[in-house]
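Peer 1: Below is the structure I would like to discuss, written out as structure tokens.
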Amino acid sequence: MFNKKRHLPSITALQCFEAVTRHLSFTRAAEELNLTQSAVSKQVAQLEELLQHLLFRRVRRRLQLTPAGDLYLLEVRKILTQVEMSTHTLRSYGGETEVLRVSTPSTFGARWLVPRLKGWRLRHPHIHLDLCNEQQGDDLLQGRSDLAFYFGQGSRPGTECLKLFGEELVAVCAPSSLPASPFTDPTQLTDLVLLQNASRPQAWHDWFESQGYRTDHSYHGPRFDTFYMCIRAAQVGCGVALLPRFLVEEELADGKLVIAWQHLMTSRDAYYLAYPEHSAGVPKVRDFVSWIMGQINEVHSL
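One point on numbering: in UniProt numbering, the residue at position 287 of the sequence shown is 287, and numbering is uninterrupted.
Here it is as structure tokens:
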């Protein structure tokens with residue numbers, strides 16, 4: 001039943017609504033949920049009463065979602081999916097297992113973090129890592145993540161931020177993209193198409209400026225959400241990408257990418273690992289921080 005004070009519908013009501021949207025039939029939805037047709041109809045009616053909007057209308061004896069129903073369906077599916085995932089998560093872990101939620105930029109996570117997690121499970125069998133790349137500024141303080149890797153400045157209110165390393169940006173492209181005659185100045189790269197990264201809109205402008213050059217085309221070119229998409233676009237010959245060198249060492253070593261102009265620009269920002277101040281003494285957080293800093297120290301000692 002509904003808690004009208006907080007406007008919370010029951011999970012059953014949401015399940016009935018979602019099933020009806022797929023079948024556009026109360027009868028078939030009832031068969032799927034092992035309920036009576038009247039029970040499903042009643043749940044949807046109660047939901048409409050709570051929302052004060054019709055979710056379905058009948059057109060020529062057929063059910064159709066209303067605009068309000070269509071909008072609500074998007075949210076309901078998110079809720080049901082999250083409840084199902086949370087249930088599976090709890091069922092899959094033993095009583096002594098702890099979950100450590102870590103958020104990371106997607107390309108950084110795939111290229112740098114994941115290779116450095118080898119051996120983690122053997123050393124910490126009771127700490128299950130959940131990695132995600134959907135980052136919001138308040139993830140840590142809202143409890144959606146226990147730790148977060150990020151690129152930026154080392155200051156976030158309410159958190160401890162540990163600097164990992166900086167980066168150098170390098171212009172790379174497919175070998176076949178380079179002209180026969182070598183470039184004589186970096187602005188000629190604009191002839192290859194500058195691949196833009198949505199999270200670094202100023203990058204090309206700063207790269208040219210750091211060499212004493214300016215071009216009207218530093219902001220022109222197709223825009224990509226992630227570095228990984230920029231890497232792939234450069235690899236297949238779409239243009240030249242400005243990328244952190246550590247993310248493309250493999251492609252440079254294999255010859256899949258080449259440096260288009262020999263200039264490295266050191267970024268003003270750096271990569272950090274952050275966690276809430278109040279979590280500093282939590283064993284699972286402490287263990288992960290120790291693991292990551294050990295990986296950093298191992299690289300620096302080589």
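Positions of the beta carbon are idealized from the N, C-alpha and C atoms, including for glycine. Quick caveat: nothing in here was measured; it's all calculated off a predicted structure.
Closest to residue 307 by CA distance: which of 173, 126, 48, 62 is it?
Peer 2: This structure does not reach residue 307, given that the chain is present from 1 up to 302, and the question cannot be answered.
Peer 1: If you run the structure through DSSP and keep just helix, strand and coil, what is residue 107?
Peer 2: Three-state DSSP puts residue 107 in a helix.
Peer 1: Since residue 42 is in the alpha helix (DSSP H), which residue starts that stretch and which ends it?
Peer 2: Here the alpha helix (DSSP H) through residue 42 covers 37 to 51.
Peer 1: Identify whether residue 197 lies in helix, strand or coil by the three-state DSSP scheme.
Peer 2: Of the three classes helix, strand and coil, the one that applies to residue 197 here is strand, per DSSP.
Peer 1: Three-state secondary structure (DSSP) at residue 213?
Peer 2: Residue 213 falls in the coil class under three-state DSSP.
Peer 1: What does the alpha-carbon distance come out to for the pair residue 190 and residue 214?
Peer 2: Residue 190 and residue 214: Cα-Cα distance of roughly 11 Å.
Peer 1: Assuming residue 139 and residue 103 make a contact with CB atoms under 8 Å, what is their CB distance in whole Å?
Peer 2: So it is a contact: roughly 6 Å between Cβ atoms.
Peer 1: What would DSSP say about residue 168, mapped onto helix, strand or coil?
Peer 2: The answer is strand: DSSP assigns residue 168 an E or B state.
Peer 1: Where does residue 9 land, buried or exposed, given buried means 16+ other C-beta within 10 angstroms?
Peer 2: Flag for residue 9 reads buried.
Peer 1: Excluding five sequence neighbours on each side, which residues of the same chain lie with their C-beta closer than 6 Å to the C-beta of residue 218?
Peer 2: So the qualifying residues of the chain are 204, 205, 208.
Peer 1: Please return the same chain residues whose Cβ sits closer than 6 Å to the Cβ of residue 130, not counting the five positions on each side in sequence.
Peer 2: These residues qualify, in order along the chain: 99, 101.
Peer 1: Can you give, in chain order, each stretch of the beta strand (DSSP E) that sits fully within the region 214 to 276 and has at least 3 residues?
Peer 2: Complete beta strand (DSSP E) runs here, min 3: 240 to 244, 258 to 266, 270 to 276.
Peer 1: Is DSSP giving residue 158 helix, strand or coil here?
Peer 2: Coil.
Peer 1: Can you tell me whether residue 165 is buried or exposed, with buried defined as 16 or more other CB within 10 angstroms of its CB?
Peer 2: By the neighbour-count rule (16 or more Cβ atoms within 10 Å), residue 165 is not buried but exposed.
Peer 1: Between 177, 279, 286, which lies nearest to residue 259 when the distance is taken from Cα to Cα?
Peer 2: Among 177, 279, 286, the Cα nearest to that of residue 259 is on 177.
Peer 1: What residues match up with residue 128 in a beta bridge as DSSP calls it?
Peer 2: Paired residues: 99.
Peer 1: Work out the CA separation of residue 26 and residue 7 for me, nearest whole Å.
Peer 2: One C-alpha to the other measures close to 24 Å.
Peer 1: Reducing DSSP to helix, strand and coil, say where residue 143 ends up.
Peer 2: If DSSP states are grouped into helix, strand and coil, residue 143 belongs with coil.
Peer 1: Could you name the residues of the same chain whose beta carbon sits closer than 8 Å to that of residue 240, not counting the 5 residues immediately before and after it, in chain order?
Peer 2: Closer than 8 Å at Cβ, skipping near neighbours: 171, 172, 173, 177, 189, 192, 193, 194, 195, 234, 260.
Peer 1: Tell me which same chain residues have a C-beta within less than 7 Å of the C-beta of residue 186, skipping the five on either side of it?
Peer 2: Taken in chain order, the residues that qualify are 208, 211, 213, 261, 263.
Peer 1: For residue 152, name the three-state secondary structure that DSSP assigns.
Peer 2: Residue 152 falls in the strand class under three-state DSSP.
Peer 1: Going by alpha carbons, who is nearest to residue 265 out of 276, 280, 277, 243?
Peer 2: Closest option to residue 265, Cα to Cα, is 243.
Peer 1: Considering just the uninterrupted stretch of the alpha helix (DSSP H) at residue 20, what are its terminal residues?
Peer 2: Here the alpha helix (DSSP H) through residue 20 covers 11 to 23.
Peer 1: Nearest CA to the CA of residue 158: which residue from 279, 238, 221, 152?
Peer 2: Closest by alpha carbon: 279.
Peer 1: Which residue comes first and which comes last in the beta strand (DSSP E) that contains residue 62?
Peer 2: Start and end: 62 to 65.
Peer 1: Could you tell me the alpha carbon to alpha carbon distance between residue 303 and residue 84, rounded to whole angstroms?
Peer 2: Any property of residue 303 remains undetermined from this structure, which presents the chain solely from 1 to 302.
Peer 1: On the DSSP letters alone, give me the boundaries of the beta strand (DSSP E) that residue 56 sits inside.
Peer 2: Element bounds for residue 56: 56 to 59.
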